[in-house]
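Chemist:
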Amino acid sequence: MDWKNKLERKWSPFAIHNLMVYIVTINFSVFVIEYLNLVPSIVDYLYFVPSLFLQGQIWRIITFIFIPPNADVVFILFVLYFYYMIGSSLENEWGTAQFNIYYLFGMIGAIIGSFITEYPATSIYLNLSLFLAFAQIYPEHEILLFGVLPIKVKYLAYLNWFIFAMTILFGAVPLKIFAVFSLINFFIFFYEDFFKNLKLKRQVYKNRKNFQGQIRKFKRK
(Lines of atoms letter the chains of each structure in order from A and count residues from 1; the text may use other names and numbers.)
(Lines give C-alpha, C1' and ligand atoms only; values in the text may rest on other atoms or scores of the structure.)
Protein backbone atom coordinates (compact mmCIF):
# COMPACT_ATOMS: atom_id res chain seq x y z
CA MET A 1 0.00 0.00 0.00
CA ASP A 2 1.52 3.33 -1.07
CA TRP A 3 1.51 6.51 0.99
CA LYS A 4 -1.54 7.91 -0.80
CA ASN A 5 -3.66 4.90 0.11
CA LYS A 6 -2.47 5.03 3.72
CA LEU A 7 -3.29 8.73 3.95
CA GLU A 8 -6.63 8.11 2.26
CA ARG A 9 -7.63 5.57 4.93
CA LYS A 10 -6.85 8.06 7.71
CA TRP A 11 -8.56 10.97 5.94
CA SER A 12 -11.70 9.08 4.82
CA PRO A 13 -13.81 9.88 7.93
CA PHE A 14 -13.27 13.61 7.36
CA ALA A 15 -13.55 13.69 3.56
CA ILE A 16 -16.18 15.96 1.98
CA HIS A 17 -18.21 14.24 -0.72
CA ASN A 18 -18.87 16.35 -3.84
CA LEU A 19 -16.38 18.95 -2.65
CA MET A 20 -16.46 20.81 -5.96
CA VAL A 21 -20.22 21.40 -5.65
CA TYR A 22 -19.62 23.48 -2.52
CA ILE A 23 -16.57 25.27 -3.89
CA VAL A 24 -18.20 26.16 -7.21
CA THR A 25 -21.45 27.24 -5.53
CA ILE A 26 -19.63 29.59 -3.16
CA ASN A 27 -17.48 30.89 -6.03
CA PHE A 28 -20.63 31.77 -7.94
CA SER A 29 -22.20 33.35 -4.86
CA VAL A 30 -19.14 35.55 -4.36
CA PHE A 31 -19.26 36.48 -8.05
CA VAL A 32 -22.91 37.56 -7.74
CA ILE A 33 -22.21 39.56 -4.57
CA GLU A 34 -19.28 41.28 -6.27
CA TYR A 35 -21.16 41.83 -9.54
CA LEU A 36 -24.14 43.43 -7.77
CA ASN A 37 -21.80 45.26 -5.37
CA LEU A 38 -23.77 43.96 -2.40
CA VAL A 39 -20.57 43.93 -0.34
CA PRO A 40 -18.05 46.44 -1.69
CA SER A 41 -14.61 44.94 -2.38
CA ILE A 42 -15.64 41.56 -0.98
CA VAL A 43 -12.78 39.79 -2.76
CA ASP A 44 -10.24 41.90 -0.86
CA TYR A 45 -11.40 40.14 2.32
CA LEU A 46 -10.90 36.69 0.81
CA TYR A 47 -7.29 36.69 -0.41
CA PHE A 48 -4.78 34.86 1.74
CA VAL A 49 -2.39 37.61 2.81
CA PRO A 50 0.20 36.38 5.37
CA SER A 51 0.51 39.68 7.23
CA LEU A 52 -3.26 40.03 7.63
CA PHE A 53 -3.62 36.38 8.62
CA LEU A 54 -1.05 36.89 11.37
CA GLN A 55 -3.00 39.93 12.55
CA GLY A 56 -5.97 37.70 13.29
CA GLN A 57 -7.86 37.47 10.00
CA ILE A 58 -7.71 33.69 10.20
CA TRP A 59 -10.61 33.11 7.78
CA ARG A 60 -8.26 33.93 4.91
CA ILE A 61 -6.60 30.51 5.25
CA ILE A 62 -9.79 29.07 3.72
CA THR A 63 -11.58 31.85 1.86
CA PHE A 64 -9.00 32.35 -0.90
CA ILE A 65 -10.34 29.21 -2.62
CA PHE A 66 -13.71 30.96 -2.98
CA ILE A 67 -12.40 33.82 -5.13
CA PRO A 68 -14.11 33.39 -8.52
CA PRO A 69 -12.18 33.59 -11.81
CA ASN A 70 -12.16 36.91 -13.64
CA ALA A 71 -14.93 36.52 -16.19
CA ASP A 72 -18.11 38.21 -17.37
CA VAL A 73 -21.55 37.16 -16.23
CA VAL A 74 -22.03 34.64 -19.07
CA PHE A 75 -18.55 33.16 -19.26
CA ILE A 76 -18.37 32.59 -15.49
CA LEU A 77 -21.00 29.86 -15.79
CA PHE A 78 -18.92 27.94 -18.32
CA VAL A 79 -15.72 28.39 -16.30
CA LEU A 80 -17.24 27.21 -13.03
CA TYR A 81 -19.00 24.31 -14.74
CA PHE A 82 -15.66 23.29 -16.26
CA TYR A 83 -13.97 23.30 -12.85
CA TYR A 84 -16.88 21.33 -11.42
CA MET A 85 -16.60 18.80 -14.26
CA ILE A 86 -12.86 18.19 -13.91
CA GLY A 87 -13.02 18.14 -10.10
CA SER A 88 -15.89 15.66 -10.10
CA SER A 89 -14.07 13.49 -12.64
CA LEU A 90 -11.00 13.41 -10.41
CA GLU A 91 -13.13 12.52 -7.39
CA ASN A 92 -14.74 9.67 -9.36
CA GLU A 93 -11.30 8.46 -10.48
CA TRP A 94 -9.50 8.68 -7.14
CA GLY A 95 -12.29 8.49 -4.61
CA THR A 96 -13.53 11.26 -2.33
CA ALA A 97 -10.76 11.07 0.26
CA GLN A 98 -7.87 11.12 -2.19
CA PHE A 99 -9.39 14.02 -4.13
CA ASN A 100 -9.82 15.94 -0.87
CA ILE A 101 -6.17 15.28 -0.06
CA TYR A 102 -5.06 16.52 -3.48
CA TYR A 103 -7.05 19.71 -3.04
CA LEU A 104 -5.79 20.18 0.52
CA PHE A 105 -2.17 19.77 -0.60
CA GLY A 106 -2.80 22.44 -3.23
CA MET A 107 -4.13 24.81 -0.59
CA ILE A 108 -1.18 24.13 1.71
CA GLY A 109 1.26 24.68 -1.15
CA ALA A 110 -0.34 28.01 -2.05
CA ILE A 111 -0.27 29.13 1.59
CA ILE A 112 3.40 28.17 2.03
CA GLY A 113 4.28 29.91 -1.23
CA SER A 114 2.42 33.00 -0.05
CA PHE A 115 4.31 33.05 3.26
CA ILE A 116 7.67 32.70 1.51
CA THR A 117 7.05 35.28 -1.21
CA GLU A 118 4.43 37.50 0.46
CA TYR A 119 2.31 37.19 -2.68
CA PRO A 120 -1.44 37.05 -1.94
CA ALA A 121 -2.77 33.54 -2.56
CA THR A 122 -5.79 33.00 -4.79
CA SER A 123 -7.32 29.90 -6.35
CA ILE A 124 -5.72 30.45 -9.78
CA TYR A 125 -2.91 27.90 -9.44
CA LEU A 126 -5.14 25.59 -7.42
CA ASN A 127 -7.62 25.46 -10.29
CA LEU A 128 -4.74 24.96 -12.69
CA SER A 129 -3.55 21.98 -10.65
CA LEU A 130 -7.01 20.42 -11.05
CA PHE A 131 -6.87 20.88 -14.80
CA LEU A 132 -3.34 19.48 -15.10
CA ALA A 133 -4.32 16.42 -13.07
CA PHE A 134 -7.37 15.92 -15.28
CA ALA A 135 -5.24 16.24 -18.42
CA GLN A 136 -2.71 13.79 -16.99
CA ILE A 137 -5.40 11.16 -16.43
CA TYR A 138 -7.63 11.90 -19.43
CA PRO A 139 -5.27 13.36 -22.06
CA GLU A 140 -7.52 12.43 -25.00
CA HIS A 141 -10.66 14.02 -23.57
CA GLU A 142 -12.02 16.70 -25.91
CA ILE A 143 -13.59 20.00 -24.91
CA LEU A 144 -15.10 22.74 -27.04
CA LEU A 145 -12.77 25.72 -26.88
CA PHE A 146 -14.81 28.94 -27.00
CA GLY A 147 -17.82 26.66 -27.35
CA VAL A 148 -17.07 25.72 -30.96
CA LEU A 149 -13.52 24.41 -31.43
CA PRO A 150 -12.94 20.79 -30.32
CA ILE A 151 -9.52 20.31 -28.76
CA LYS A 152 -7.95 17.59 -26.64
CA VAL A 153 -7.12 18.65 -23.10
CA LYS A 154 -3.53 17.43 -23.43
CA TYR A 155 -2.81 20.26 -25.87
CA LEU A 156 -4.17 22.85 -23.46
CA ALA A 157 -2.05 21.22 -20.76
CA TYR A 158 1.04 21.57 -22.98
CA LEU A 159 0.26 25.27 -23.34
CA ASN A 160 -0.09 25.71 -19.59
CA TRP A 161 3.15 23.82 -18.95
CA PHE A 162 4.88 26.09 -21.47
CA ILE A 163 3.65 29.17 -19.61
CA PHE A 164 4.75 27.57 -16.33
CA ALA A 165 8.20 26.86 -17.81
CA MET A 166 8.52 30.47 -18.98
CA THR A 167 7.66 31.60 -15.45
CA ILE A 168 10.36 29.36 -14.00
CA LEU A 169 12.95 30.41 -16.58
CA PHE A 170 12.30 34.14 -16.81
CA GLY A 171 10.05 35.14 -13.91
CA ALA A 172 11.22 36.93 -10.80
CA VAL A 173 12.52 34.64 -8.06
CA PRO A 174 9.49 35.14 -5.76
CA LEU A 175 7.16 34.33 -8.66
CA LYS A 176 9.12 31.14 -9.43
CA ILE A 177 8.87 30.02 -5.81
CA PHE A 178 5.17 30.84 -5.61
CA ALA A 179 4.40 28.99 -8.87
CA VAL A 180 6.25 25.84 -7.79
CA PHE A 181 4.68 25.69 -4.34
CA SER A 182 1.22 26.40 -5.74
CA LEU A 183 1.45 23.27 -7.93
CA ILE A 184 3.10 21.13 -5.26
CA ASN A 185 0.04 18.87 -5.08
CA PHE A 186 0.46 17.93 -8.75
CA PHE A 187 4.17 17.20 -8.33
CA ILE A 188 3.53 15.09 -5.22
CA PHE A 189 0.79 13.03 -6.83
CA PHE A 190 2.31 12.51 -10.26
CA TYR A 191 6.08 12.42 -9.81
CA GLU A 192 6.04 8.60 -9.82
CA ASP A 193 4.15 8.59 -13.13
CA PHE A 194 6.71 10.99 -14.58
CA PHE A 195 9.65 8.74 -13.73
CA LYS A 196 7.79 5.62 -14.88
CA ASN A 197 7.04 7.24 -18.23
CA LEU A 198 10.63 8.42 -18.53
CA LYS A 199 11.90 4.91 -17.81
CA LEU A 200 9.44 3.44 -20.31
CA LYS A 201 10.50 5.88 -23.04
CA ARG A 202 14.15 5.04 -22.44
CA GLN A 203 13.37 1.34 -22.68
CA VAL A 204 11.39 1.85 -25.90
CA TYR A 205 14.26 3.88 -27.35
CA LYS A 206 16.77 1.19 -26.33
CA ASN A 207 14.62 -1.58 -27.82
CA ARG A 208 14.23 0.38 -31.05
CA LYS A 209 17.99 0.90 -31.32
CA ASN A 210 18.62 -2.80 -30.69
CA PHE A 211 16.03 -3.76 -33.29
CA GLN A 212 17.53 -1.39 -35.86
CA GLY A 213 20.98 -2.78 -35.11
CA GLN A 214 19.77 -6.33 -35.69
CA ILE A 215 18.18 -5.30 -38.99
CA ARG A 216 21.43 -3.74 -40.16
CA LYS A 217 23.34 -6.91 -39.25
CA PHE A 218 20.78 -9.02 -41.12
CA LYS A 219 21.11 -6.84 -44.23
CA ARG A 220 24.90 -7.19 -44.21
CA LYS A 221 24.51 -10.96 -44.28
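So that you can map any letter, position 195 of the sequence shown is 233 in our numbering, and since no number is skipped, the others follow by simple counting. Yeah, the Cβ is synthetic: ideal placement off N, Cα and C, and Gly gets one too. Bear in mind the structure is a predicted one, so any value in this text is a computation, not a measurement.
When we look at the beta-carbon of Y157 and count the other beta-carbons within 10 Å, is it buried (16 or more) or exposed?
Modeler: Y157 is buried by the Cβ-count criterion.
Chemist: Just verifying my parser: in three-state terms, what is the DSSP assignment at L57?
Modeler: DSSP places L57 in helix when its eight states are reduced to three.
Chemist: Can you list, in chain order, the residues of its chain whose CB lies under 7 Å from that of I226, leaving out five sequence neighbours each side?
Modeler: Excluding sequence neighbours, I226 sits near F143.
Chemist: Spatial neighbours of L170 within its chain, please: C-beta separation below 8 Å, excluding the five flanking residues on both sides.
Modeler: Cβ neighbours of L170 beyond the five flanking positions: A195, N198, W199, L221, F224.
Chemist: Suppose the cutoff is 7 Å on Cβ atoms and the five residues either side in sequence are ignored; what does the same chain contact list for N65 look like?
Modeler: Result list for N65: F104, P106, L118, in chain order.
Chemist: Please classify Q93 as buried or exposed, where buried requires at least 16 neighbouring CB atoms within 10 angstroms.
Modeler: Counting Cβ neighbours within 10 Å, Q93 comes out exposed, since fewer than 16 surround it.
Chemist: Output the residue ranges of the alpha helix (DSSP H) runs that lie fully inside the region 62-147 and measure 4 residues or longer, sorted by chain position.
Modeler: Runs of the alpha helix (DSSP H) inside the region 62-147: 88-92, 98-101, 113-132.
Chemist: Among F153, L207, W132, which residue has its Cα nearest to the Cα of N56?
Modeler: The candidate whose alpha carbon is nearest that of N56 is W132.
Chemist: In the DSSP output, what is A159 paired with across the bridge?
Modeler: Looking at the DSSP assignment, A159 forms a beta bridge with F86.
Chemist: Is it buried or exposed, F86, if we count other Cβ atoms within 10 angstroms and call 16 or more buried?
Modeler: It counts as buried.
Chemist: Taking 7 Å as the limit between beta carbons, can you name the residues of its chain near M39, skipping five residues before and five after?
Modeler: With a pLDDT of only 48 at M39, under the threshold of 50, the placement of this residue in the model should not be trusted, and no figure is reported.
Chemist: By Cβ distance, which residues of its chain are closer than 6 Å to F137, with the 5 residues on each side in sequence left out?
Modeler: So the list reads L128, E129, once near-sequence residues are dropped.
Chemist: Look at the alpha carbon of F102 and the alpha carbon of T160, and state the distance between them as a whole number of angstroms.
Modeler: Going from the Cα of F102 to the Cα of T160 covers about 5 Å.
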